[in-house]
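Below is one structure, written out as structure tokens; the observations come after it.
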Amino acid sequence: MRNILDRSFTIMARACLCLMALTLLGFLLPIIYNGLGAVFFNATVEHEKFLRENLDYDIPQKKIELIERADAARAPLWKMISSYENSHGAAESGKLLAQIRKDVFASMRADKETLEKILGLGGRERAEKLRKYAESAWKIYDLEASRLAKSEISPFALDKAFKSEQTSLESDAKKFASDCDKTMKLGFSKRNSLRRNICLPPLGLMKKLRAEISLQNAAYFELKNGIRELLGPSDKTEKSKLNLLRQRYGQTRMDMAKKTLEESILHINIKTKNSRGAEISRRVASKQYFKNSAVEDMIDYIENNFDSMLKPHFTAYWGFFFDEPFDSNIFGGIWPMICGTFYLTFGSMLIAAPLGIAAAIYFSEYAKEGRVISLLRMCVGTLAGVPSIVFGLFGLAFLINTLKVSESKSVLAGAITLALLILPTIIRACEEALKAVPQSYREAALGLGAGKWKAICTVILPAALPSMLTGIIISMGRAAGETAPIIFTAATSIGSALAISDIFTQPTPALPWNIYNICSEHEMADRVGHVQYGMVLTLIGLVLALNFAAIWMRARLQNKVK
Amino acid sequence: MEMSPNYHPPKEFAISAKDFSVFYGSFHAVKNVNMDFERGKVTAIIGPSGCGKSTFLRCINRMNDLVENCRTEGLLAFDGIDIYHKRLDVAELRRRIGMVFQRPNPFPKSIYENVAYGVRLKGVRKKAILDEIVENSLRRAALWDEVKDRLSSNALGMSGGQQQRLCIARALAIKPCVLLMDEPCSALDPKSTARIEDLIAELSGEYTIAIVTHNMQQAARVSDNTAFFYEGRLVEFGTTSQIFTNPKNKATNDYITGRFG
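Chains A and B, in that order, give the protein sequences.
Position 469 (the first sequence) corresponds to 469 in my numbering; numbering is contiguous.
With positions in the second sequence counted from 1, the corresponding number in my numbering is that position plus 1000.
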């Protein structure tokens, strides 16, 4: 019976361990895989372009040729776009319309008597007659415009032409009315009526035609934005006009490029009206939508020449760890965050370790058990249980607002706050370490005429050092990963790596805060997935490295002692 | 160090106790002990477990200060100086009254550093002087020949007997007047015990030695005088030959003949 119990217990324990290991792997492996993706990935030429132009990287000749070949492959696409937007027929048609407009106005000027007769009429009848007169006068113009709308000319170019015609019609009507006013002394209301009604038919038509092509144009714009997102702007002049880096470059990573192709080019959002007349957004396959137009050719070209326009190649971007970030981490690396985490961690350790060791020495060597000491111990215990966000608020309220250790957030304030957070852990670890030193060492040292302090310095501390260091380093790991205390005291989401001299006055980006920030507050969170995972992996790596350092140091020091 | 104002023991006694009592809280551990340790002689303290002999020994260099709520009454004098005087420099006292503990307790340092530790505390910095003192002390403790080639290796790597002799060498290095030994051989095998006993015989004459032991034969072998403690009281005190051959007290007789304890 006992045997069975023993065996089942062993099996259960092993199963639990396996489960834990599996969970850990299941948790770590995706992070490691995705995090490494920030450094090793399939890059497009845009990646090299960015590095060359913003970080002064020396790009090897081979890559430069790659960029040139990609640009050459893109040239036909840019040409298609420009010819679509500036259809030749459009300019000519615009001219034709303008000519007809001028002719109509000229004939109306020549035919003054009719107009005078109509304007002589009163009230409602005048407006009626005027409208009819205008309708007949603009008949040719309207016919021509309607014909254009049905022609091969791209809606984009047509819209431009119609828009300019609209403004010209309005200004010409105004001019015509004031001219008539001068010769015929019309007065305010008649002049106004003339101005309003004389171009009413063509203006109405323009409005109607533009409304018809506007939906199609909006769809085209949507598609063009997608192309921009994928490839960046077409030339330097266009590039210099753009403010944001993300608009100046296309996709730097092949996986993101494929996603862009699928989501922003092959499929687009269009606006249509539903049965009740309300405007709704709908997702359509763009090839279907632009069937049998020049735009379809563009989409085909992009699809067929996708690889030659982007030239995917595998790359190892070590700069991810050592470069500054650009445009909210969409480009560049995470060096300032690593630096900030380093400053905060070591800063807090430098503050907390001496205090913690001193307190531990007091507790374990000097303090006589009594009410005051148990109260102090309780305080340390309570401090360990205080939620970290409270430490953050304390840092803001006390260190920054009351003590004014710095103007606003600073690394110093953050380091002090973190130091307070890890202090109880350090005190406890050090106290345990000191208590573990055999009493016989104390007796031996004191027996040889050492004072208490001398005995502590020469025998007890050296003997306790390995365990104390372990405790301190593990606390450092905790400080490195804490987010809440630095939100109010030290962290900014954007900033460059600080110089040592700035840590007393300047806030810094730091890994834990920026991980939160980039995952939940970032405006394009889905475009920086690799950075999110890269940061997480870096932070985990840092904490693990600290823990391994603790283990290694402990082993080394203990070997030395033995 | 200040002289005790009202007690001047004869010069032939290194340590004198007069109506000396020790309390742990309310427990009266050592009761009104009056005894003198002869200068240059070995004094053994025997008695059953818990009779207060170790406590008494540890009071001589104030090692019991480490124990909380330990309190003393009466007088304990070293060379006419009140050991429990308020303004006494305890570190200085312990330098004059060395101690060897029940279990060997070398520091986790090299053999050399262990011996040099107390000397360094006295402010000696010169390597040549330190070397000489270390060698002399190790020779006195009959350890030099065994360890002279590995002075820089860790002391914790030595055998128990060697460690105990190292502790004696360490105590000797600071040139004390008195050496207190609290069951120095209880953790050692017979061979190591014999070596320590030889060492004690060698050191007597030069040092005043007080040794607490459970081993009656040992007390008989190494000591000049013997004190028998029982239930916190000093029952009998006299020369070793007298105590072991002709005890005056019945309890002493019972103890040394092995009827109890």
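Here a beta-carbon is modelled for each residue, glycine too, at the ideal position from N, C-alpha and C.
For B:Ala1044, the pairing in a beta bridge is given by DSSP as B:Ile1211 and B:Thr1226.
A distance below 8 angstroms separates the beta carbons of B:Pro1104 and B:Gly1160. A:Ala13 and A:Ala384 have their C-alpha atoms spaced approximately 31 angstroms apart. Per the DSSP secondary-structure output, B:Ser1016 pairs in a beta bridge with B:Asp1036 and B:Ala1077. Counted as a single uninterrupted DSSP element, the alpha helix (DSSP H) harbouring B:Val1147 occupies residues Trp1144 to Val1147. The Cβ atoms of A:Gly481 and A:Ala429 do not sit closer than 8 angstroms to each other. Rounded to the nearest angstrom, the gap between the Cα atoms of A:Ile32 and A:Ser475 is 24 angstroms. Looking from the CA of A:Ser214, the closest CA among A:Asn197, A:Lys163, A:Ile227 and A:Leu231 belongs to A:Lys163. Taking CB atoms only, A:Glu443 has a neighbour in chain B less than 8 angstroms away. Each of A:Ala549, A:Thr402, A:Ser82 and A:Lys49 was checked against the Cα of A:Ala70, and the nearest Cα belongs to A:Lys49. Bounds of the alpha helix (DSSP H) holding A:Thr260 are Met254 to Thr260. B:Ala1141 sits away from B:Leu1180, with the two beta carbons spaced by 8 angstroms or more. From the beta-carbon of B:Tyr1117, the residues of chain A found nearer than 9 angstroms are Ala444, Ala445, Leu448, Ala450, Thr458 and Val459. The C-beta distance from A:Phe488 to A:Gly392 rounds to 5 angstroms, short enough to fall under 8 angstroms.
Distance check between A:Asp526 and each of A:Ser328, A:Leu375 and A:Lys368 places A:Ser328 closest, using alpha-carbon atoms only.
The beta carbon of A:Leu465 is closer than 7 angstroms to those of Leu557 in its chain, skipping five residues each way along the sequence. Counting C-beta pairs closer than 8 angstroms gives fewer than three between the segment 1184-1204 of chain B and the segment 1018-1025 of chain B, which falls short of the contact rule. Inter-residue distance for A:Asp111 and A:Asp181 is about 15 angstroms (C-alpha atoms, whole angstroms).
Closest by C-alpha distance to A:Thr382, out of A:Gly541, A:Tyr366 and A:Thr425, is A:Thr425. Shown in chain order are the members of the segment 425-444 of chain A whose Cβ falls below 9 angstroms from a Cβ of chain B: Pro438, Gln439, Ser440, Tyr441, Arg442, Glu443 and Ala444. Between B:Tyr1117 and B:Val1134, the gap from beta carbon to beta carbon reaches 8 angstroms or more.
The residue among A:Ser107, A:Leu498, A:Phe221 and A:Asn305 with its C-alpha nearest the C-alpha of A:Ala75 is A:Asn305. For B:Arg1094, the secondary structure class from DSSP, reduced to helix, strand or coil, is helix. Non-local C-beta neighbours of A:Pro201 in its own chain, meaning closer than 7 angstroms and more than five positions away in sequence, comprise Ala134, Glu135, Trp138 and Asp142, ordered along the chain.
Proximity of chain B to A:Ala463 at the Cβ level (cut-off 9 angstroms) is accounted for by Phe1107 and Pro1108, in chain order. Of all residues in the segment 1155-1186 of chain B, the ones placed with a Cβ closer than 8 angstroms to any Cβ belonging to chain A are Leu1156, Gly1157, Cys1167, Arg1170, Ala1171 and Ile1174, in chain order. What A:Lys454 touches in chain B, judged by beta-carbon distance under 9 angstroms, is Ala1091 and Leu1121, going in chain order. It is roughly 15 angstroms from the alpha-carbon of B:Asn1061 to the alpha-carbon of A:Ser440. In the same chain as A:Arg246, and ignoring 5 residues on each side of it, the C-beta atoms closer than 6 angstroms to its own belong to Asp327 and Ile330, in chain order.
Within 10 angstroms of the beta-carbon of A:Ile486 lie 16 or more other beta-carbons, which makes it buried. Here A:Gln61 is exposed, its C-beta having fewer than 16 other C-beta atoms within 10 Å. Using a 10 angstroms sphere on the CB of A:Gln288, the tally of other CB atoms stays under 16, which defines it as exposed. Distances from the alpha-carbon of A:Leu231 to those of A:Ile357, A:Glu128 and A:Ala73 put A:Ala73 closest. Taking a C-beta distance under 8 angstroms as the contact criterion, B:Glu1236 and B:Asn1249 qualify as a contact pair. Interface annotation, B:Gly1025: not in contact with chain A, CB-CB separation never under 8 angstroms. Under the three-state reduction of DSSP, B:Thr1257 is assigned to coil, being neither helix nor strand.
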